[in-house]
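In the working numbering, the protein residues as written are 124 to 417.
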């Protein structure tokens, strides 16, 4: 049996197991599929930038599926450890409502982690290493850092940026993607801090975040520094001649404008709008990274 056939068979078997013992629709909603999809897109962008092509070979599809799987597992294990907090906050997830039991959640989390790591093994050893490191980061964050979000923010940002590295690992060409991953890391740290500032009232007594332990002025300075580092790192790839063509720099200028608009909204304490603007900036930046393949 060929690798694609074996892989599809493994997906089918796992689906049958899940369908027979769990509520698949509730589980699908619980994994936050959009977050998982964005992780898969990050892998696609990383591969495309590394190869300077837009294509979809089987190894890339495998990498995208395994990234989706590991991200889903990370979301589930976070929900498992946050169950008590989510109940107190009145969240309406399938786990809180009892449509999924904590035991079922643990089983499905194990299946997803195992599937993601096993799939990475068939790509290459570098991809396997990245998959294992990412899984360990997600577990560490959920088990030990969720109440210390001033540290957890950096772990979340690192996990996000590793999706680009994971895509490039298929070809083992990290020359350009390293710049993109660093830029994504800094931008995600900024967004996580803004998100914590927005959620500060709900987090009191449950989590300790950066906006809780630092003055608002210092928080603004850190966010500005993170956005600045993200822009400088991405611009460095163009300045060093690693990216050519007008599309990248045009999109980078647009994402820069969105990032600094986000910071401006933060200074005015319009935190929800600041976070939304940050998200838009990151989406445009991701498109800019993809433009490097054109």
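In this text, a Cβ means the ideal position worked out from N, Cα and C, and glycines have one as well. Quick caveat: nothing in here was measured; it's all calculated off a predicted structure.
Sub-8 Å separation of residue i and residue j beta-carbons
i	j	result
residue 330	residue 270	yes
residue 309	residue 353	yes
residue 357	residue 333	no
residue 407	residue 378	yes
residue 253	residue 182	no
residue 264	residue 229	no
residue 388	residue 346	no
residue 200	residue 262	yes
residue 292	residue 249	yes
residue 165	residue 290	yes
Close Cβ partners of residue i (< 6 Å) along its chain, the five nearest in sequence each way excluded
i	result
residue 159	191, 194 and 195
residue 101	Because the chain spans 124 through 417 in this model, residue 101 falls outside it and cannot be assessed.
residue 424	Lying outside 124 to 417, the shown extent of the chain, residue 424 is not represented and no answer is given.
residue 305	356
residue 311	280 and 283
residue 405	310
residue 412	168, 172 and 303
residue 349	309, 312 and 313
Bridge partners - residue i, DSSP secondary structure assignment
i	result
residue 331	271
Residues near residue i in its chain [Cβ-Cβ closer than 7 Å; skip 5 each side]
i	result
residue 372	361
residue 415	172, 299, 366 and 371
residue 359	302
residue 162	190, 191, 194 and 286
residue 244	251
residue 288	169, 253, 297, 300 and 304
residue 185	130, 242, 245 and 246
residue 156	none
Contacts around residue i, its chain only, beta-carbon distance under 8 Å, and the 5 residues preceding and following it disregarded
i	result
residue 149	217, 222 and 223
residue 398	314, 317, 318, 321 and 385
residue 214	none
residue 258	193, 196, 197, 236, 239 and 240
residue 401	310, 313, 314, 317, 381, 382 and 385
residue 206	218, 219 and 225
Residue i: CB within 7 Å of a non-hydrogen atom of the ligand COA
i	result
residue 284	In the structure shown, the ligand COA is absent, as is every other ligand, since no ligand is present at all.
Ranges of the alpha helix (DSSP H) found wholly within the region 247-300, counting only runs of at least 4: Runs found: 248-263 and 272-292.
Inter-stretch contact (C-beta, 8 Å, three-pair minimum) for the region 168-177 and the region 217-225: No, the region 168-177 does not touch the region 217-225.
Residue ranges of each alpha helix (DSSP H) within the region 182-236, 4 or longer: Taken in chain order, the complete alpha helix (DSSP H) segments of 4 residues or longer contained in the region 182-236 are 206-212 and 217-220.
Segment contact, 8 Å Cβ cut-off, at least three pairs: the region 316-329 with the region 278-292: The region 316-329 and the region 278-292 do not touch, with fewer than 3 CB-CB distances between them shorter than 8 Å.
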